[in-house]
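For the record, the sequence lines run as chains A and B. For the first sequence, position 180 matches number 180 in full-length UniProt numbering, and the numbering has no gaps at all. For the second sequence, position 286 matches number 286 in full-length UniProt numbering, and the numbering has no gaps at all. Some notes on the structure that comes next.
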Amino acid sequence: MRRTRRALLRGGGATVAAAAVLGLVVAAAAAVPVLWPHDAMTTTFGSILEAPSLAHPMGTDGVGRDVLARFGEGARISLLIGLVAVVTGALAGLLIGLTSGLAGGAVDEVLMRVMDALMAFPTLMLTMAVTISLGSGLPSATAGVTIGTIPWFARVARSETLRITALPMVEAAVALGMGRARLIRAHVLPHMVSVLVVQATATYGSVILSVAALGFLGLGARVPTPEWGAMITEGMEPALTGAWWVAFFPGLGMLIVVTCTSVLSDRIRDVLDPRGSFSGVKGVT
Amino acid sequence: MKPDTVLSVKDMHTVFATPGGTAHAIRGVSFDLRRGERLGIVGESGAGKSALVLSLLGLVEPPGRVAGGSVWLNGRDLRTLSERQMRRVRGKEISIVFQDPLTALNPVRRIGPQVAEVLLMHGDLSRKQARERAVGLLADVELPEPEKCYAAYPHELSGGMRQRVMIAIALANSPDVLIADEPTTALDATTQAQIITLLNKVIEERGTAVVMITHNMGLVADFCDTVQVMYAGEVVEYGSRDRLLDRPAHPYTAALLASVPAMDARRDLPLPALSGLPPSLTDLPEGCAFAPRCPLEGERGLCRTTRPAPRILDGEPDRMSMCHFSAEQLALTS
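Spelled out as structure tokens, the structure:
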């Protein structure tokens, strides 16, 4: 574990910078709603569309709410929903892929054709369709986004299951009387965790974007909710009159989160992939 | 069946469906294994050695299937057991050591838990007891510092040490029969000798019967009590090691032995080699499978038309040869 962590940080400036910046956003999500004196929902008609200043570092919006406070709440929503969607999607995909890969035959065929059907839709279309059918709002947006990720995890989990169960060590374990449950626990899962983690970090950024897109279109978070996508919608009109900050900061937040997670997921893949070369990692002889 | 028989295979047939037709990988193999006996099974690649191992363990998977025969172990026919029952037999009553210990061990888990696991799978030990026994087993296979090995990952051990771990795993539940599938092929010569010495020791302590699959004649001569020669899915000759190696009764055995390089061979002569290839298992010749390559056969019609029956040799009980002209072959070598 310590070796992995060290290897992660040895990835050079980009990795460290990405981790640091992402850390800042996470800190904002954690600290701003608690520590920042302004509330995300309180409207102050005396201070409408104020430009960024010391009192309001990100300015105020069209009804006088502090954008920094809303940015912090928005970070909370985005990061949490991303996490929920990715974890649920990964677990569901893992279950489907594992079943498919181990059962084979008709079960495999049916499950994989369903996954193919889901993947045939552009992800955002699928996400929107599910969200609309569930009624708009953050919970349905989360469900929609989650369903969009499942087939990708299922495909990876299935191919990993097939790869691992064909390994000689699994053959050996079976020849020594290992049953299916223990086989999954002892051999299959430990060997596919890394691939799933890479897939999950890579998906995380796109999930956050999808949630924001739904919010922007009015399908996800509803308008007073300080969700980044919804905030951009609210900021469009002020932006026409020169108040760029209302839409700019939530957009910047997304840009940062997506860029940083994609840099980190690349690095995680390099570190976890046993075929990659770990330059300078001791103990691998 | 002899009284102290542990494993008895009767008329085993295994086939594989291939695009080119049905491949008859095992064609009527029968043998008995006595308690503590060390049986060597030799033959070239494709003779059916591995298919035999899979068939014994009930691990033949589609497109292959065991088409007939029985495998008697401890009074019951393994072929009639359900997969669930069979799982309790594998690793407990009949166990196996594989050729390549590196690929047979899980690289991301420590050695110890992998040994303890086979104990937990087949017995009702507590985790702590299993751990203690596992350390004991690692000591049994003469690994230095067994406690340290318990906590090591496979890549931290040498090839020989890994094979010792595999032996510990295979013998963890004191099986009646141990299948050793070319256990020394992946090791260098000095390590091979050490592993064989170790195997000798641990199976003697436990009275385990061993089926040694190999194409190393030297190993057969060192280790085995009895030898079975396979060719094209059949056992063409069976007998005690000394009798069989000294006086082969089947021309294939004779050719196999003749092609083993000897230290005192004349260097200016080419090493005798058997020409031709084993027959295709999807398109076997009508008579003796070995007839097309047989140095003895010449142009005898009998070999080309009639499959020889396994016959007991005169005056030699426990000796079988599947050749019409065994007497002639014996006369050649005596």
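Ideal Cβ positions, reconstructed from N, Cα and C, are used throughout, including at glycine. As the structure is a prediction and not an experimental result, all values here were calculated from the model.
Give me, in chain order, the residues of the same chain whose beta-carbon lies closer than 6 Å to that of residue i; leave out the 5 immediate sequence neighbours on both sides.
i: Phe-45 (chain A); result: Gly-64
i: Val-236 (chain B); result: Val-229, His-250, Tyr-252 and Met-322
i: Val-263 (chain A); result: Ala-14 and Ala-18
i: Ser-240 (chain B); result: Thr-226
i: Met-119 (chain A); result: Pro-151
Can you list the residues of chain E that residue i reaches, using a CB-CB cut of under 7 Å?
i: Ala-172 (chain A); result: Any reference to chain E falls outside this structure, whose protein chains are A and B.
Just grab the DSSP bridge partners of residue i for me.
i: Arg-311 (chain B); result: B:Ser-321
i: Arg-34 (chain B); result: B:Thr-5
i: Gly-97 (chain A); result: According to DSSP, Gly-97 (chain A) bridges with nothing at all.
i: Ile-26 (chain B); result: B:Thr-14
i: Asp-66 (chain A); result: A:Thr-60
i: Gly-21 (chain B); result: B:Thr-18
Please classify residue i: does DSSP put it in a helix, a strand, or coil?
i: Ile-48 (chain A); result: coil
i: Ser-275 (chain B); result: coil
i: Phe-98 (chain B); result: coil
i: Asp-140 (chain B); result: helix
i: residue 369 (chain B); result: Look at the range of chain B in this structure, 1 to 334, and you will see that residue 369 (chain B) is not part of it.
i: Phe-16 (chain B); result: strand
i: Ile-268 (chain A); result: helix
i: Thr-142 (chain A); result: helix
i: Trp-152 (chain A); result: helix
i: Gly-177 (chain A); result: coil
i: Val-211 (chain A); result: helix
i: Arg-266 (chain B); result: coil
i: His-250 (chain B); result: coil
i: Met-41 (chain A); result: coil
i: Gly-104 (chain A); result: coil
i: Cys-294 (chain B); result: coil
i: Pro-250 (chain A); result: helix
i: Asp-116 (chain A); result: helix
i: Gly-205 (chain A); result: helix
i: Gly-137 (chain A); result: coil
i: Trp-36 (chain A); result: coil
i: Leu-167 (chain A); result: coil
i: Arg-300 (chain B); result: coil
i: Trp-244 (chain A); result: coil
i: Gly-123 (chain B); result: coil
i: Gly-287 (chain B); result: coil
i: Ala-221 (chain A); result: coil
i: Gly-12 (chain A); result: coil
i: Leu-189 (chain A); result: helix
Going along chain B, which residues have a C-beta under 8 Å from residue i?
i: Leu-138 (chain A); result: Those do not exist, as Leu-138 (chain A) stays about 39 Å from chain B at its closest Cβ, beyond 8 Å.
i: Pro-168 (chain A); result: Phe-98, Asp-100, Thr-103 and Ala-104
List the residues of chain A that residue i touches, going by C-beta distances under 8 Å, in chain order.
i: Glu-117 (chain B); result: Met-178, Arg-182 and Ala-186
i: Arg-109 (chain B); result: Ala-186 and Pro-190
At 7 Å on the CB atoms, spell out the chain B contacts of residue i, in chain order.
i: Pro-33 (chain A); result: By Cβ distance, chain B contributes nothing, its closest Cβ being about 41 Å from Pro-33 (chain A), past 7 Å.
Suppose the cutoff is 7 Å on Cβ atoms and the five residues either side in sequence are ignored; what does the same chain contact list for residue i look like?
i: Asp-4 (chain B); result: Arg-34 and Arg-35
i: Leu-124 (chain A); result: Ser-210 and Ala-213
i: Asp-11 (chain B); result: Gly-28, Ser-30, Gly-68 and Gly-69
i: Leu-94 (chain A); result: Phe-153, Ala-157 and Leu-196
i: Met-121 (chain B); result: Gly-91
i: Val-260 (chain B); result: Met-217
i: Gly-58 (chain A); result: Just to set this straight, residue 58 (chain A) is Met in the shown sequence, not Gly. Excluding residues within five positions, the ones whose Cβ falls inside 7 Å are Pro-52, Val-67, Leu-68, Phe-71, Trp-245 and Phe-249.
i: Arg-76 (chain A); result: Ala-29 and Pro-33
i: Met-86 (chain B); result: Gly-58 and Leu-78
What residues from chain A crowd round residue i, counting only those whose CB sits closer than 9 Å?
i: His-13 (chain B); result: Correct list: empty, because the minimum Cβ distance to chain A is about 21 Å.
i: Leu-57 (chain B); result: Val-174 and Ala-175
i: Ser-95 (chain B); result: Ala-175, Leu-176 and Gly-177
So with CB distances below 7 Å, who are the chain A contacts of residue i?
i: Arg-90 (chain B); result: Ala-175, Leu-176 and Gly-177
i: Arg-87 (chain B); result: Gly-177 and Gly-179
i: Ile-169 (chain B); result: Leu-176
i: His-122 (chain B); result: Gly-177
Near residue i, which residues of its chain fall below 8 Å by C-beta distance, leaving aside the five closest residues on each side in sequence?
i: Leu-105 (chain B); result: Ile-111, Gln-114, Pro-154, Arg-162, Val-165 and Met-166
i: Ile-184 (chain A); result: Leu-98 and Leu-102
i: Gly-85 (chain A); result: The residue asked about is misnamed: residue 85 (chain A) is Ala in this sequence, not Gly. Contacts found: Thr-142, Val-145, Thr-146, Thr-149, Val-207 and Val-211.
Within the segment 169 to 241 of chain B, ranges of the beta strand (DSSP E) (whole runs, at least 3 residues): Segments of the beta strand (DSSP E) lying fully in the segment 169 to 241 of chain B: 177 to 181, 209 to 213, 226 to 231 and 234 to 240.
What are the complete beta strand (DSSP E) segments, minimum 3 residues, inside the segment 39 to 119 of chain B? DSSP runs (the beta strand (DSSP E)) wholly in the segment 39 to 119 of chain B: 64 to 73 and 94 to 97.
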